[in-house]
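Novice: Please read through the structure below; I'll follow up with questions.
Protein chains in written order, with the UniProt record's numbering: chain A, 1 to 424; chain C, 1 to 424.
Here it is as structure tokens:
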């Protein structure tokens, strides 16, 4: 392991984080990007808009880390005290930055189209002891401070503003300041098997890993992502070794592997469909459009996803999809027979190669003795026939919807795989 | 302000948080629940699965807070060291808890249906110096430790397991241990106006607030939630005062207020529709089902939401919804004419009182000079006619989809309001 390891701390500022109204999605993204550069996040700390709390966090984190990333507290309202505090912490004085001022004016002219307030103009003020990071997506500029070989970077908490500054300015600049090791990642995604079973299956592989290569288990909704990370001085050497190990790992998990890249299930399905020029439709009841949302979150999904029907009410299953009224009457909306018809009907109606259909009970209401909350039927219609499967989830409504979407997409993936084998 | 204020720190443990593969949604929920009890979260800290880091975090946070909530690091794999560490920190020894053991066995029998591994059985071991918190939703038990009048609570990082333990055990028990002030919140949601404009409009109101009542601005995707929080000894007194102020605040923001409860836009729409016995359909192109997902995230939405069509491809707009081919040819899929037809067609097809239609370009590809990425047309068909509106967003694909959904739902809300006035 390199003895020059560079550590980072992330400080997020804002009462909204401590009263629980904001979920912090920034830190995860920042950590991923820093990891790619070979910078390790050691701690993440969230503090309120309180002078002493912020000051102490700066003191404390700079004792442990060379890179201190700060987000939040730069808004125009009175409770946003980060900028004056940083100004005092680094002993500067506040001056107007002309480029930042022009940016504020432009944004108001182009998008907000209201008269600027004094507080908006004040956003263009910055300490004269920092390097200003211009904000192309919002009104608050970022600030880069250096002190005793450490760097402190203050950015807005708005995710796309922070990401823009990181991508354009911070991430290219950090490697110029620190001597960073080479870092190589290899990631694969599994589905349908728990973390502890994977760990048991590959325990010999894991025990034999060299010290500079780590394996991380990243479970999420019935899927587990496995990430190998090699850190060292010689990039080509560690790349060769991690690639050799990654081939071995893939062969050990072949039956449960979704994809051998850092992609999610809907991306993996999209790549398969696009590669073979196949198209997809959905017919969703209980997931209410969440599956088509996941599919269409992938840029370029219009190449293979033609559309879907959210047949929440039975009249929509009948009148739009054409599910037989008798099927609904005799077997109910949550049944193998109904999802079978939903899938085959959607495939016909939307004229696609595959159609995925889901019907279930997500809760909290709607469960019965025979079909409790969490009962789900999934069907996939393909050239080679229609596959159905029953799932049982056991969470609250939101998580039931998410887990059901993953289960359904995984059945779709397996069916496409088999279908492509059958027809080729 | 009470001088007995009780503070909490939240420590989240796990390398997955520091390498950025997991977004921490737990802390926000925990903070909200603690706030309701009158416990303030002072700091949130995330550390890796590293012995010294966890130990130091326990030392550091217990200097500042009386309640230390710890999540994560309780899994069955070798990198999960939280339990042995807590055992040593509080000077106990590990013993098998029979109830926890039975629970592990039950879960394997009912849901996992595989042979248990030794590591799974070890999850039933707990330090003999803690009160065990049984886990009804997973295999790892929680632990409640007390030391020097402070309480340390360790729970799994899996959200629904943590929430179950908090709800069943932790939240009812904390008020028995600490003398907590009365806390009363009043929340309202606004749409279509920025944080700084609201602040400017209500600056006199804000300046006149008594010291024991705080106002928080919680902006999210073009909406701002305003929360008044009163803290004091006498609950009925502070309730009377906060209610008086809340009436005043509502009257000052009447034109931009969505709802005067702590609910989101889709819940507010659902309440309106349910109250008046009206029904809704959707026809989504660029949002790909995300709007119907939001609508159906609300329990009980099947009462008013009948379904929708995700008409991603133009053939689906034509063949399923019945949009005129000439309209698509002459004006394009992203046009006022097309969303107008999508909305009116969906209302007919699905037989509802209202239909919401959206078509736009979410990026990164697909933009043109005339219709750049972020161009969106929204239409709402109602009894009183069909309303259309153009929006321009300026973010990345994911955020464009989210912002477009909010814009569309807000137009739907306004249209329903006007329509109900017109027809009544």
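Glycine included, C-beta positions come from ideal geometry on N, C-alpha and C. Quick caveat, the model's predicted, so the values are computed rather than measured.
Give me the Cα-Cα distance between residue 269 (chain A) and residue 409 (chain A), rounded to the nearest whole angstrom.
Specialist: Here the alpha carbons of residue 409 (chain A) and residue 269 (chain A) stand approximately 8 Å from one another.
Novice: Quick check on the burial criterion: 16 or more other C-beta atoms within 10 angstroms. Buried or exposed for residue 392 (chain A)?
Specialist: Exposed, since its Cβ has fewer than 16 Cβ neighbours within 10 Å.
Novice: Can you give the Cα-Cα distance for residue 429 (chain C) and residue 378 (chain C), rounded to whole angstroms?
Specialist: The requested residue 429 (chain C) is not part of the displayed model; chain C covers only 1 to 424.
Novice: With H, G and I counted as helix, E and B as strand and the rest as coil, what does DSSP make of residue 220 (chain A)?
Specialist: strand
Novice: Just by C-beta distance, which residues in the region 9 to 40 of chain C are closer than 9 Å to chain A?
Specialist: Those residues of the region 9 to 40 of chain C placed with their C-beta closer than 9 Å to a C-beta in chain A are 10, 12, 15, 16, 17, 18, 19, 20, 21, 22, 23, 24, 25, 27, 28, 29, 30, 31, 32, 33, 34, 35 and 40, ordered along the chain.
Novice: Do residue 386 (chain A) and residue 312 (chain C) have their C-beta atoms within less than 8 Å of each other?
Specialist: no
Novice: Can you find at least 3 beta carbon pairs, one from the region 113 to 124 of chain A and one from the region 25 to 36 of chain A, that sit closer than 8 Å?
Specialist: no
Novice: I'd like to know if residue 293 (chain C) contacts chain A, where contact means its C-beta is closer than 8 Å to some C-beta of that chain.
Specialist: yes
Novice: Residue 107 (chain A) bridges to which residues according to DSSP?
Specialist: In the DSSP output, where bridge partners are listed per residue, residue 107 (chain A) has none listed.
Novice: Specify the secondary structure class of residue 295 (chain C) as computed by DSSP and reduced to three states.
Specialist: helix
Novice: Identify whether residue 145 (chain A) lies in helix, strand or coil by the three-state DSSP scheme.
Specialist: strand
Novice: Cα-Cα, which of C:129, C:88, C:271 and C:242 is closest to residue 182 (chain C)?
Specialist: C:242
Novice: Tell me the residue span of the beta strand (DSSP E) that contains residue 154 (chain C).
Specialist: 150 to 155
Novice: Report the residue ranges of all beta strand (DSSP E) runs contained in full by the region 256 to 315 of chain C; include only those spanning at least 3 residues, in chain order.
Specialist: 257 to 259, 280 to 284 and 305 to 310
Novice: Which two residues bound the contiguous beta strand (DSSP E) that contains residue 89 (chain A)?
Specialist: Not the beta strand (DSSP E): residue 89 (chain A) falls in the alpha helix (DSSP H), residues 82 to 89.
Novice: Step through the CB atoms of chain A and report whether any lies within less than 8 Å of the CB of residue 425 (chain C).
Specialist: One cannot answer for residue 425 (chain C) here, as it falls past the ends of chain C, which runs 1 to 424.
Novice: Using a C-beta to C-beta distance shorter than 7 Å, which residues of chain C count as neighbours of residue 316 (chain A)?
Specialist: 306, 307 and 350
Novice: For residue 191 (chain C) versus residue 258 (chain C), is the C-beta spacing smaller than 8 Å?
Specialist: yes
Novice: Hey, quick one: how far does the alpha helix (DSSP H) through residue 383 (chain A) stretch, first residue to last?
Specialist: First-last for residue 383 (chain A): undefined, no H or E at that position.
Novice: Mapping DSSP to helix, strand and coil, what is residue 127 (chain A)?
Specialist: strand
Novice: Comparing the C-beta of residue 62 (chain A) with each C-beta of chain C, is any distance below 8 Å?
Specialist: no
Novice: Residue 404 (chain C): buried (16+ other C-beta within 10 angstroms of its C-beta) or exposed?
Specialist: buried
Novice: Identify each residue in the region 243 to 262 of chain A for which the Cβ-Cβ distance to at least one residue of chain C is less than 7 Å, and report them in chain order.
Specialist: none
Novice: Tell me which residue opens and which closes the alpha helix (DSSP H) that residue 338 (chain A) is part of.
Specialist: Counting along the chain, the alpha helix (DSSP H) containing residue 338 (chain A) begins and ends at 336 to 350.
Novice: Name the DSSP beta bridge partners of residue 183 (chain C), please?
Specialist: C:231
Novice: Using the Cα positions of residue 360 (chain A) and residue 334 (chain A), report the straight-line distance between them to the nearest angstrom.
Specialist: One C-alpha to the other measures close to 5 Å.
Novice: Specify the secondary structure class of residue 114 (chain A) as computed by DSSP and reduced to three states.
Specialist: Coil.
Novice: Looking at residue 288 (chain A): is its Cβ nearer than 8 Å to the Cβ of residue 293 (chain C)?
Specialist: Contact: yes.
Novice: Give, in chain order, every unbroken run of the beta strand (DSSP E) that is at least 3 residues long and sits entirely within the region 24 to 90 of chain A.
Specialist: Runs found: 39 to 47 and 67 to 71.
Novice: Starting from residue 355 (chain A) and walking both ways along the beta strand (DSSP E), at which residues does that stretch end?
Specialist: 354 to 360
Novice: Against residue 341 (chain A), what residues of chain C qualify as contacts under a CB-to-CB distance less than 7 Å, listed in chain order?
Specialist: Ordered by position in chain C, no residue passes the 7 Å Cβ test against residue 341 (chain A), which lies about 16 Å from the chain.
Novice: Smallest Cα separation from residue 203 (chain C): which of C:252, C:247, C:156 and C:161?
Specialist: C:252
Novice: With 16 as the cutoff for other CB atoms within 10 Å, does residue 417 (chain A) come out buried or exposed?
Specialist: exposed
Novice: Using DSSP's beta-bridge definition, name the partner residues of residue 389 (chain A).
Specialist: A:378
Novice: Name the two residues that bound the continuous beta strand (DSSP E) containing residue 198 (chain C).
Specialist: According to the DSSP assignment, residue 198 (chain C) belongs to no beta strand (DSSP E) but to the alpha helix (DSSP H) extending over 195 to 201.
Novice: Find the residues of chain C that neighbour residue 87 (chain A), judging by a C-beta separation of less than 8 Å, and give them in chain order.
Specialist: Near residue 87 (chain A) there are no residues of chain C at all, since even the closest Cβ is about 21 Å away, more than 8 Å.
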